[in-house]
Every structure is written in C-alpha cells, then in structure tokens.
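First the structure, in the form of structure tokens, and then the observations on it.
4 protein chains.
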Amino acid sequence: MGFKKQKFNPENDLGFGTKAVTKNQRLLNQDGSVNVKRKGLPFFDTSNNYHTLITISWTKFWLLVFTCYFTLNLIFASIYMAIGVDSLAGADGNTFWQHFWEAFFFSAQTLSTVGYGHMYPSGMMSSTVSAIESMIGLLAFALATGLLYGRFSRPSARISYSKNMLVAPYLDGQQAFMFRLANQRRSTLIDLQVEVNLSYLEEVDGKPIRRFLQLELERKRVSLLSLNWTVVHPIDDKSPLKDVSHADLVKAEATFAVLIKAFDDTFSQTVHSRTSYQYDEIVWGARFKPAFDRDESGAIVLDLSQISAYEKVELPVSVKQLN
Amino acid sequence: MGFKKQKFNPENDLGFGTKAVTKNQRLLNQDGSVNVKRKGLPFFDTSNNYHTLITISWTKFWLLVFTCYFTLNLIFASIYMAIGVDSLAGADGNTFWQHFWEAFFFSAQTLSTVGYGHMYPSGMMSSTVSAIESMIGLLAFALATGLLYGRFSRPSARISYSKNMLVAPYLDGQQAFMFRLANQRRSTLIDLQVEVNLSYLEEVDGKPIRRFLQLELERKRVSLLSLNWTVVHPIDDKSPLKDVSHADLVKAEATFAVLIKAFDDTFSQTVHSRTSYQYDEIVWGARFKPAFDRDESGAIVLDLSQISAYEKVELPVSVKQLN
Amino acid sequence: MGFKKQKFNPENDLGFGTKAVTKNQRLLNQDGSVNVKRKGLPFFDTSNNYHTLITISWTKFWLLVFTCYFTLNLIFASIYMAIGVDSLAGADGNTFWQHFWEAFFFSAQTLSTVGYGHMYPSGMMSSTVSAIESMIGLLAFALATGLLYGRFSRPSARISYSKNMLVAPYLDGQQAFMFRLANQRRSTLIDLQVEVNLSYLEEVDGKPIRRFLQLELERKRVSLLSLNWTVVHPIDDKSPLKDVSHADLVKAEATFAVLIKAFDDTFSQTVHSRTSYQYDEIVWGARFKPAFDRDESGAIVLDLSQISAYEKVELPVSVKQLN
Amino acid sequence: MGFKKQKFNPENDLGFGTKAVTKNQRLLNQDGSVNVKRKGLPFFDTSNNYHTLITISWTKFWLLVFTCYFTLNLIFASIYMAIGVDSLAGADGNTFWQHFWEAFFFSAQTLSTVGYGHMYPSGMMSSTVSAIESMIGLLAFALATGLLYGRFSRPSARISYSKNMLVAPYLDGQQAFMFRLANQRRSTLIDLQVEVNLSYLEEVDGKPIRRFLQLELERKRVSLLSLNWTVVHPIDDKSPLKDVSHADLVKAEATFAVLIKAFDDTFSQTVHSRTSYQYDEIVWGARFKPAFDRDESGAIVLDLSQISAYEKVELPVSVKQLN
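Protein chains in written order, with the working numbering: chain A, 289 to 611; chain B, 289 to 611; chain C, 289 to 611; chain D, 289 to 611.
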C-alpha cells in the first residue's frame with residue numbers, strides 16, 4: 289500500500305532539502321559523515337586550521353610536525369650560514385656542507401631548547417637570531433604539543449550499532465522496527481538521547497520529492513547506557529510505516545538516519561554519534577539474540593561481538609513481507 | 289498600512305531598551321558585534337586580561353609577545369650588569385655595551401631554558417638571579433604558549449549568510465521573509481537553532497519608541513546543517529509584518545537581528561553566530577536560486593559562492609511593494 | 289498587612305532549609321558567596337587540590353610556586369651532597385656551604401632544564417638523580433604552568449549590580465521591585481537568565497520559620513546583554529509582596545537572592561553570577577536614571593558608573609511606605 | 289500487599305533491561321559504578337587510550353610515565369651505541385657498560401632537553417638522532433604533562449550521601465522515603481538535579497522480571513546546594529510504594545538508583561554523581577538529625593560527619609513495618 293501522504297512538517301528534514309538524491313547515494317553515511325561536497329570558496333575560507341589539524345589522520349599529523357621541524361631548521365641553518373662561518377663558535381667543519389649541517393644541528397638544538405653548548409652563537413647577529421629562534425621554538429612546539437594532546441583527548445563517542453535494522457515481533461501481536469546499540473568503550477554514557485529520521489521518495493506530479501519524517505520511538509532516552517539498548521519504532525496506527533512493505537521501502541529508497549547524543553563521564557563533555565540504515569539493511573522477520581549473559585559468578589557480561597546477532601522469526605501474516 | 293499595534297512583550301527586546309537609535313545606526317552590526325560604547329569604569333575593571341589577549345589581532349598578539357620577551361631580557365641584563373661584570377663566567381666582552389649584550393643574550397638563553405653554557409652564572413648572586421629567571425621563563429612562556437593555543441583552538445562558528453533578505457512567494461499563494469545560511473567550514477554543525485528578532489520604531493505620543501518582536505519561523509531548528517538552510521518567516525495572519533510595505537519598513541527603520549546557536553562536532557562545544565538585516569537589505573519579489581547541485585558522479589555539491597544568489601519573481605498584487 | 293500565607297513550595301528554598309538565621313546574617317553574601325561554614329571531615333576530604341589551587345589568591349599562589357621550587361632544590365641539593373662532593377664535575381667550591389650552594393644551583397638548572405653544563409653529573413649515582421630530577425622538573429612545572437594558565441583563563445562573569453533595589457512606579461499606576469545590572473566586561477553575554485528568590489521569616493506557632501519564594505519577573509531572559517538590564521518584579525495581585533510595607537520587610541528580615549546564568553562568547557562557556565539585596569538596601573519611591581546616552585556621533589554609550597544612580601519619585605498613596 | 293502492577297513504561301529502566309539479576313547483585317554499585325563486564329571485542333577497541341590514562345590509579349600512572357621514560361632512554365642509548373663509541377664527544381668511559389650508561393644519560397639529557405653539553409653528539413648520525421630525540425622528548429613529555437594536568441583538573445563531584453535511606457514521618461501524617469546528601473567539597477554546586485529510580489522483581493508467569501520505575505520527588509532541583517539536602521519521595525496515593533512493606537522490598541530485591549547532575553562553579557562544568565540504596569539499607573521509622581547548627585557567632589556550620597545521623601521515631605500503625 290506504500291507510504292501514507294504526510295502533512296508536510298519542515299522541522300523534520302535534517303537540513304537536506306527535498307531534492308531527490310540519485311539511487312544508492314546516502315545523505316548520511318553509515319559512519320555518520322555527511323555525503324556533501326563543497327565548492328565556491330577559496331580553500332582557506334572553508335577550512336579552519338584548527339579543524340583541519342585536529343581531524344587529519346595521525347600519519348599526516350606526524351608527517352606535518354616532522355616536516356615543519358625540518359623546514360624550520362633548514363631556514364635557520366641558512367640564516368646562520370648567511371651570517372658567516374664564524375658566527376657559531378665550536379663548529380669545526382671544513383667544507384661548506386659540513387658547516388651547513390653544523391648550523392642545521394645547532395638550529396635543532398636551539399629550537400628544541402636542548403642547547404648542549406658545544407656550539408654556541410658568537411657575536412651580535414647569531415646571538416640575536418638564536419634568541420629569536422629559541423622563542424619561536426617554544427611557541428611552535430607549544431602549538432604542536434597542544435594539537436597532539438588535543439587530538440589525543442578529543443571527546444568522541446564510539447557506539448557499536450547492529451549491522452541491520454530488524455522488523456521484529458513486538459508487544460500485543462504488533463511489529464516494530466528495531467536496531468541495537470552499545471557503548472564500545474568502558475566509559476559511562478549518561479542521559480543518552482536518540483532521534484531517528486526516515487527519509488523516502490514520494491512522487492509528486494510525476495517528480496520524485498524527498499520526504500523526511502521523525503519516527504516516534506518506544507523510548508527516546510536512557511539515563512545510563514550500561515548494557516546494550518534496543519531502539520524501537522513500533523508499527524502502530526500512528527506510524528507512517530504502517531502497511532509499508534519491503535518493496536515499498538526499496539522503491540522509495542527509504543533511509544533511517546540515527547542521531548545520538550550523550551554525556552561522557554570520562555571526558556565530562558557531551559558527545560554525538562550518527563549512523564544510518566538503508567532499505568537493503570533491513571531484515572524482515574527477525575529478532576535480536578541477547579547480547580549479555582551471566583558468568584559463573586553470576587555477574588552480567590556484555591558480549592560486544594553479539595550486538596548484530598539476530599535469529600529469524602515468523603511475522604504475523606498481516607505484515608507484508610516480500611523479501 | 290504599517291505595523292499593527294503589538295501587545296508589549298518585554299521578553300523580546302534583546303536587552304537594548306526602547307530608546308530610539310538615530311537613523312542608520314544599527315544596534316547589531318552585520319558581523320554580529322554590538323554597537324555600544326562603554327565608559328564610567330577604569331580600563332582595568334571593564335577589561336579582562338584573558339578576554340583581551342584572546343581576542344586582539346594576531347599582529348598585536350605577536351608584537352606583545354615579542355615586546356615582553358625583549359623587555360624581560362633588558363631587565364635581567366640590567367640586573368646581571370648591576371651584580372658585576374664577573375658574575376657571568378665565559379663572557380669576554382671589553383666595553384660596557386659588549387658586556388651588556390652578553391648579559392642580554394645570557395638572559396635570553398636562560399629565559400628560554402636553552403642554556404648553551406658558554407656563559408654561566410658565577411657566584412651566589414648571579415646564580416640566584418638565573419635560577420629565578422629560568423623559573424619565570426617557564427611560567428611566562430607557559431602563559432604565552434597557552435594563549436597562542438587558546439587563540440588557535442578557540443571555538444567559533446563561521447556561517448555564510450545571504451547578503452539580502454528576500455520577500456519571496458511561499459506555500460498556498462502566501463509570501464514570506466527569507467534569508468539563507470550555510471556552514472562555511474567543513475565541520476558538522478549539530479542541533480542548529482535560530483532566533484529572528486524584528487526591531488522597529490513606533491510613534492507613541494509623537495515620540496519614536498523602539499519596539500522588539502520575536503518572529504515566528506517556519507522552522508527554528510535543524511538536527512544537522514549539511515547543506516544550506518533557508519530560514520523562513522511566513523507572512524500569515526499571525527505575522528506582525530502582514531500588510532507592511534517596503535516604505536513602512538524604511539519609515540520604521542526596521543532591522544532583523546539573527547541569533548544562531550549550534551553544537552560544533554570538531555570543537556565539541558556550543559558555538560554562536562549573529563547577524564542582522566536592515567530595511568535597505570531586503571529585496572521584495574525575489575527567490576533564492578539553488579546553491580547545490582549534483583556533479584557527474586551524482587554526488588551533491590554545495591556552492592558556497594551562491595548563497596546570496598537570487599532571481600526576481602512576480603509577487604501577487606496583494607503584497608504592497610513600493611520599491 | 290505583612291506577607292500573605294503562602295502555599296509551601298519546596299522547589300523554592302535554594303537548599304537552605306527553613307531554619308531561621310539570626311539577625312543581620314545573610315545566607316547569600318552580596319558578592320555571591322554562601323554564608324556557611326563546614327566541619328566534620330578531615331581537611332583533605334573537603335578540599336580538592338585543584339579547587340584550592342585554582343581559587344586561592346594570586347599572592348598565595350606565587351608564594352606556593354616559589355616555595356615548592358625552593359624546597360625541591362633544597363632536597364635535591366642534599367641528595368647530591370649525600371652522594372659526594374665529586375659527583376658534580378665543574379664544581380669548584382672549597383667549603384661545605386660553597387659545595388651545597390653549587391649543588392643547589394645545579395639542581396635549579398636541572399629542574400628548569402636550562403642545563404648550562406659548567407657543572408654536570410659525573411658518575412652513575414648523580415647522573416641517575418639528575419635524569420630523574422629533570423623528569424620531575426618537567427612534570428612539576430607542567431602542573432605549575434597549567435594552574436597558572438587555568439587561573440588566568442578561568443571563565444567568570446563580572447556583572448555590575450545596582451547598589452540598591454528600588455520600589456519604583458511601573459505600568460498602569462502599579463509599582464514594582466527593580467534592580468539593574470550590566471556586563472562590566474567588554475565580552476558579549478548571550479542568553480542571560482535571571483532568577484530572584486525572596487526569603488523571609490514567618491512566625492509559625494511563635495517560632496520563626498524561614499520561607500522561600502521564587503518571584504515572578506516581567507522578563508526572565510535576554511538574548512543578548514548589550515546595555516544595562518533592569519530586572520522587574522511587578523507588585524500585582526499575584527505578587528507575594530502585594531501590600532507588604534518597608535516595616536514588614538524589616539521585621540521579616542527579607543532578603544532577595546539573585547542568581548544569573550549566561551553564555552560568555554569569549555570563554556565559549558556558561559558563566560554564573562550571584563548577589564543579594566537585604567531589606568535595608570531597598571529604596572522605596574525611586575527610579576533609576578538612564579545609564580546610557582548618545583555621544584556627538586550619535587553612538588550609544590553605556591556609563592557603567594551610573595548603574596546604581598536613581599532619583600526619588602512619589603509613589604501612589606496606595607503603596608505603604610513607612611521609611 | 290506488595291507492589292501494585294505498574295503500566296509498563298520503557299523510559300524508566302536505566303538501560304539495564306528486564307532480565308533479573310541474581311540475588312545480592314546490584315546493577316549500580318554504591319560508588320556509582322555499573323556492575324557489568326564486557327567481552328567480545330579486542331582490548332584496543334573497547335578501550336580508549338585517553339579514557340584509560342585519565343582514569344587509572346595514580347600509582348599506575350606514575351609507574352607508566354617512569355617506565356616510558358626509562359624505555360625510551362634504553363632504546364636511544366642502544367641507537368647511540370650502534371652508531372659507535374665515538375659518536376658522543378665528551379664520553380670518557382672505558383668498558384662497554386660505561387659507554388652504554390653514558391649513552392643512556394646523554395639520552396636522558398636530550399629527551400628532557402636539559403642538555404648539559406659535557407657530552408654532545410659528534411657527526412651526522414648521532415646529531416640527527418639527537419635532533420629527533422629532542423623533538424620526541426618535547427612531544428612525549430607534552431603528552432605526559434597534559435595527562436598529569438588533565439587528571440589533576442578533571443571535573444568531578446564528591447557528594448556525601450547518607451548511609452541509609454529512611455522511611456520517616458512526613459507532612460499531614462504521611463510517610464516518605466528520604467535520603468540526605470551534601471557537597472563534600474567547598475565548591476558551590478549550582479542547579480543540582482536529582483533522579484531516583486526504583487528497580488524490583490515482579491513475578492510474571494512464575495518467572496522474575498526486573499521492573500524499573502522513576503519515583504516522584506517532593507522536589508527535583510535546588511538552585512544552590514549550600515547546606516545538606518534531604519531528597520524526599522512521599523508515600524502518597526500516587527506512589528508505587530504505597531502499602532509496600534519492608535518484607536516486600538526484601539522479596540522484590542528493591543534497589544533505589546540515584547542519579548545527580550549539577551554545575552560546579554569552580555570547574556565551570558557540569559558534574560555527575562551516582563549512588564544506590566538496596567533494600568537492606570533502608571531504615572523504617574527514623575528521621576535525620578539536623579546536620580547543621582550555629583556556632584557562638586551565630587554563623588551556620590554544616591557538620592559533614594552527621595550526614596548519616598538519624599534517630600528512631602514511631603511510625604503510624606498504618607505503615608507496615610516488619611523489620
């Protein structure tokens with residue numbers, strides 16, 4: 289029977305607009321990133337240095353730190369060479385390149401403020417340059433170490449989501465859309481809130497328009513995420529998914545966007561997580577197997593590898609099940 | 289027909305009071321800063337050192353850091369000179385100024401803790417001074433580097449707003465005030481909320497009084513700002529702008545103050561942005577051109593240079609349009 | 289006529305309990321601190337080191353840093369002396385005390401990692417000690433500099449409150465309790481919220497019981513605190529202060545506790561401020577003089593020295609005014 | 289009479305699920321930690337380095353820092369040895385181990401950037417290694433010191449809870465469940481909110497099912513926690529604990545989970561605290577003794593050692609009291 293016509297509610301579209309997206313293109317990727325490219329502004333206006341440096345990969349970050357250190361030393365070595373061979377007392381090289389590398393390593397010892405002292409600046413010029421260099425070294429390394437620690441301590445949630453969304457039996461002979469999640473980390477997540485948005489295509493005057501609906505949930509919030517949590521959208525009379533079959537979901541390219549917000553007790557900050565389920569990730573007629581059990585001592589054990597585990601069950605015939 | 293008389297609602301005046309401001313003077317500037325000067329307190333009571341140091345321009349910041357470094361070295365050089373020429377072993381200058389600069393560079397090497405060691409303190413007095421100086425150096429550079437990183441990593445939103453506010457056709461033959469915005473940065477803005485306040489002059493007993501009204505919006509919140517977002521105030525029966533013409537807005541010196549709040553996923557913090565639209569920045573009878581499109585691969589591309597792009601359209605005659 | 293009997297609402301008592309406080313003893317001081325002593329737990333359980341170190345006076349903080357530096361050096365100097373005179377190469381003292389001070393300054397040069405090198409550890413023992421000392425130095429100075437920067441950048445609001453609370457004429461021949469506030473700093477305060485709680489004594493069975501009431505305000509929130517803001521509690525039929533005279537306030541030892549919360553745009557954090565007004569700080573029959581004006585160029589100028597300025601006015605006879 | 293059958297409200301179960309836990313096993317421990325083990329993911333996926341390093345004990349933290357420092361020095365000493373005995377000028381050992389320890393201490397002096405200079409790198413190879421080592425030293429110590437300060441300044445609440453929950457006389461001849469809390473620290477807690485969840489076993493078809501209920505409180509929030517606060521659940525007609533006896537609580541293994549949230553004025557951040565009361569920690573027929581008093585000067589003194597102090601009282605016969 290397909291989707292019921294919905295009253296247009298602009299609060300629900302997640303800011304994506306109603307323009308249809310081509311087949312097999314998600315707006316929200318499974319890892320929570322957004323599927324949008326940007327252009328029209330110079331690189332430096334769209335990026336923020338801090339944003340970039342805090343989010344690039346560790347490999348790139350280390351490469352960048354190393355390159356900056358190397359380049360700064362090259363520059364200062366050149367300056368010392370320009371001032372003259374005698375500007376560094378204690379240097380005993382004979383060739384140009386020997387002198388250059390001595391200046392280079394003197395620069396490294398100054399930038400890092402290790403200052404062994406077997407070479408030292410001699411004369412006003414090189415003394416001034418090395419005084420400035422040690423100041424620059426302190427400031428530059430402060431940026432590098434600040435970023436290092438900032439990257440290391442950056443608040444983030446790592447939530448394990450079940451691979452599939454299930455259409456499972458629910459209370460009183462009803463069915464419900466369900467997915468499951470658990471905190472992958474050992475930290476405690478407090479006051480966790482979830483929002484599930486359904487997007488699907490609707491034909492309006494022969495043209496596909498993307499519609500967005502926020503789904504009602506059995507429960508939108510847990511005070512404490514200690515075990516796993518099964519998020520449930522019951523297919524009751526109020527549900528826009530009442531009488532919607534698997535084929536309808538495929539045809540309408542239905543996608544469920546999941547937005548999660550919680551307070552992490554370790555970071556003492558609010559963290560967010562996002563994921564999405566597409567029509568082909570929905571299993572009709574299945575229910576999750578328990579993901580926690582008791583060990584010999586009677587203690588509860590949560591098995592994170594079982595978050596996605598489900599078993600097939602028979603749905604009542606009233607549920608259109610076409611896969 | 290002008291503005292309808294409004295019931296006075298003190299919750300709406302943004303804290304500016306009802307006193308009229310002279311022509312062409314905005315209360316809230318387009319860059320979000322507030323148009324108010326302050327006096328009556330000594331400089332040091334109104335300023336907060338941290339506030340100042342975190343918000344001054346980079347040029348001023350670097351100048352300040354450099355000046356402090358130079359001044360501290362001058363002070364300590366003078367102290368070493370006062371203690372005596374022999375207090376620094378390894379110094380081999382002959383004139384007063386040669387000694388002074390040696391003391392100056394020794395101080396720089398101590399402040400930055402580079403400590404080459406070709407000069408070193410000799411005797412109780414200079415040893416004590418240099419021990420204190422190296423402590424001061426560590427603490428002072430910690431402040432400087434803390435501020436440097438604080439400035440660098442300071443959370444801020446950079447929102448692109450459309451240059452103009454439009455009066456555009458809306459649903460069911462209505463019109464609406466609209467402006468558009470997008471996140472200039474690549475970071476993800478979550479749970480973005482917007483508030484639009486209209487301020488205008490009303491004649492009460494022949495004296496102009498400034499009135500403030502919070503405008504109803506089609507939608508006040510998006511879960512995720514991934515593309516652009518068009519903020520819409522529909523001109524319906526409840527709108528205070530029903531039957532208000534362009535001439536009315538000019539006469540009443542109408543200004544729309546826009547306040548935005550969102551959670552930035554990279555900074556993991558709440559960020560704010562503000563702007564304003566004045567009567568002469570409103571275009572009657574226009575609509576925004578799409579700012580995003582699809583590239584060859586079918587991916588969505590947001591063109592930030594097109595945020596302000598609009599095209600002229602005919603408004604129904606019922607809309608008083610006098611420009 | 290005194291205070292009307294109020295329905296008991298436990299949400300209002302600010303957590304102070306109903307036990308009466310003796311005369312002239314405020315629960316909340318004018319500077320926002322709470323007037324309660326604590327005992328019953330060992331010092332170290334009630335204090336938090338970080339709490340203490342971030343809130344002690346600057347004088348105490350500097351004294352503490354200096355004392356720790358001095359003490360650490362004393363300890364390590366003693367260790368080097370215990371290892372033996374020859375453990376530090378380059379030391380050339382002759383007497384015990386000369387050796388001791390050389391060890392002391394070597395320790396200072398190691399702790400601060402300045403390491404001139406005219407003295408250096410010689411032998412396993414002193415090399416090990418100095419390797420550990422430099423590590424300790426780095427960690428200890430990191431704590432000191434972290435605290436220094438933490439103190440420096442600690443978010444805090446500095447609000448100027450009017451010295452007095454006024455009973456002033458209000459709309460439609462009514463009166464209202466009013467006080468005024470402004471942001472002392474140049475930063476922008478966003479989304480400022482205020483809460484005013486009245487506490488007073490009521491005789492129950494001959495024993496004074498402290499009652500707490502949250503007062504209704506003309507307005508509880510401003511989007512942006514740009515000028516001053518006059519907080520108003522109108523004395524209307526719903527007000528518990530209807531028909532209450534100055535003598536009633538004195539007898540009941542009435543105190544108004546003011547709690548303020550705002551988002552500071554510079555710190556990017558929520559800040560709080562508190563103050564209180566006691567019965568003897570209330571002026572009956574007065575109104576605030578404007579605290580802002582226009583300069584020659586037409587710009588608004590806020591005069592922070594005029595926040596408390598008021599002028600006497602005649603109140604209608606219906607207001608019981610006995611002072 | 290036991291627990292009334294409750295309408296199932298999924299918002300209340302704290303995320304623990306309805307599966308019964310074995311006797312004497314709390315879901316939420318008294319110190320606020322959660323009683324759940326986790327498995328099924330490799331160690332590194334469940335842990336977050338930052339999480340781990342910020343929460344391990346101080347002993348482990350110091351051991352780790354020391355071990356890393358020692359290991360890094362061992363590694364670099366080996367590298368210098370591999371380059372050759374002559375790579376470090378100023379080293380004068382004769383045996384392999386003498387050379388090795390010289391290399392080791394040279395490494396320590398480079399890592400910590402103390403750089404005395406009696407030994408210094410000679411030649412391209414060792415100069416390069418020491419330049420890299422000093423860079424690594426700066427970065428590694430930045431991580432260590434960042435963690436040290438992060439651990440030290442980590443926001444946390446330290447709330448004193450009363451040892452027992454009491455069933456005490458309340459207004460109008462009613463009874464109420466009560467517990468008491470106070471801020472153990474001298475900091476000010478603002479806008480403190482409390483949530484109490486009752487969990488108990490219910491027999492459904494002969495199988496025990498764990499039920500969760502959020503209890504109504506006399507008051508859920510205080511603006512300012514300045515003294516102690518008694519949290520009260522009145523046993524009125526709406527209460528699920530109406531007509532529940534002590535024996536019922538024991539049989540149903542009733543546990544009260546307490547979740548607290550507040551803003552700490554010193555940390556300028558939101559802090560959380562949790563605890564729980566089990567059926568055997570409930571005292572029927574008792575009331576708390578006052579925990580604060582006045583000293584000679586009339587000032588209020590809060591005695592933190594008296595938070596748990598109670599005295600026995602007679603409950604009306606209508607309360608089933610079986611202990």
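Note that the Cβ used here is the ideal one computed from N, Cα and C, for glycine as well. In this text, all values refer to a predicted model and were calculated from it rather than measured experimentally.
Residue-level contact to chain C via CB, residue i, 8 Å cutoff
i: Glu299 (chain B); result: Caution is warranted here: a pLDDT of 48 is assigned to Glu299 (chain B), below 50, making its placement in the model unreliable, and the coordinate value is therefore given only provisionally. So, interface residue.
i: Gly405 (chain A); result: yes
i: Gln594 (chain D); result: yes
i: Ile523 (chain D); result: no
i: Ala579 (chain B); result: no
i: Gln375 (chain D); result: Inspection of the sequence shows that residue 375 (chain D) is occupied by Ser rather than by Gln. Taking Cβ atoms only, chain C never reaches closer than 8 Å to Ser375 (chain D), which makes this a no.
i: Ala396 (chain B); result: no
i: Phe429 (chain D); result: yes
Beta-carbon gap between residue i and residue j smaller than 8 Å
i: Ser564 (chain C); j: Gln318 (chain C); result: yes
i: Ile523 (chain D); j: Gln566 (chain D); result: no
i: Leu480 (chain D); j: Thr433 (chain A); result: no
i: Phe392 (chain D); j: Ala430 (chain D); result: no
i: Asp540 (chain B); j: Phe358 (chain B); result: Sequence check: residue 540 (chain B) is Ala here, not Asp. In this structure, Phe358 (chain B) does not lie closer than 8 Å to Ala540 (chain B) by Cβ.
i: Met453 (chain C); j: Phe467 (chain C); result: yes
i: Leu690 (chain A); j: Ala419 (chain A); result: An answer regarding residue 690 (chain A) cannot be provided, because it is not within the stretch 289 to 611 covered by chain A.
i: Ala445 (chain D); j: Ala579 (chain D); result: no
Segment limits, alpha helix (DSSP H) that includes residue i
i: Arg473 (chain B); result: Run containing Arg473 (chain B): none; DSSP gives neither H nor E here.
i: Met369 (chain A); result: Trp346 to Ile371
i: Ile342 (chain A); result: Asn337 to Thr343
Min CB distance residue i to chain A below 8 Å
i: Ser415 (chain D); result: yes
i: Pro443 (chain D); result: yes
Closer than 8 Å to chain B by CB, residue i
i: Ala308 (chain A); result: Only weak support exists for where Ala308 (chain A) lies, its pLDDT of 49 falling under 50; the value from the coordinates is given anyway. Answer no: the Cβ-Cβ gap between Ala308 (chain A) and chain B never drops below 8 Å.
i: Lys327 (chain A); result: yes
i: Arg475 (chain C); result: It is worth fixing the name first, because residue 475 (chain C) is Ser in this sequence and not Arg. Yes, because at least one Cβ of chain B sits closer than 8 Å to the Cβ of Ser475 (chain C).
i: His560 (chain A); result: yes
i: Gly434 (chain A); result: yes
Start and end residues, beta strand (DSSP E) containing residue i
i: Asn516 (chain A); result: Asn516 to Pro522
i: His560 (chain A); result: Gln557 to Gln566
i: Arg442 (chain D); result: Arg442 (chain D) -> no beta strand (DSSP E), and no H or E assigned at all.
i: Lys539 (chain D); result: Premise fails: Lys539 (chain D) lies in the alpha helix (DSSP H), His534 to Lys539, not in any beta strand (DSSP E).
i: Ser511 (chain C); result: Arg509 to Leu513
i: Phe544 (chain C); result: Thr543 to Asp552
Chain D within 8 Å of residue i, Cβ atoms only
i: Leu316 (chain A); result: no
i: Lys608 (chain C); result: Below a pLDDT of 50, predicted positions are generally treated as unreliable, and Lys608 (chain C), at 44, falls in that range; no measurement from the model is reported.
i: Gly389 (chain A); result: Checking the displayed sequence, the identity of residue 389 (chain A) turns out to be Trp instead of Gly. Answer yes: the Cβ-Cβ gap between Trp389 (chain A) and chain D drops below 8 Å somewhere.
i: Tyr338 (chain A); result: no
Indicate whether the contact test is met: 3 or more Cβ pairs, each with one atom in the segment 375 to 391 of chain B and one in the segment 473 to 484 of chain C, closer than 8 Å.
-> no
Segment contact, 8 Å Cβ cut-off, at least three pairs: the segment 340 to 347 of chain C with the segment 585 to 599 of chain C = no
Touch test, the segment 547 to 565 of chain B against the segment 546 to 565 of chain A, Cβ-Cβ under 8 Å, three pairs minimum = yes
For the 8 Å Cβ check, are there 3 or more pairs between the segment 390 to 410 of chain D and the segment 398 to 410 of chain A?
-> yes
Cβ contact check for the segment 519 to 535 of chain C and the segment 501 to 509 of chain C: 3 or more pairs under 8 Å = yes
Entirely enclosed alpha helix (DSSP H) segments - the segment 370 to 451 of chain A, minimum 4 residues | 384 to 399 and 412 to 440
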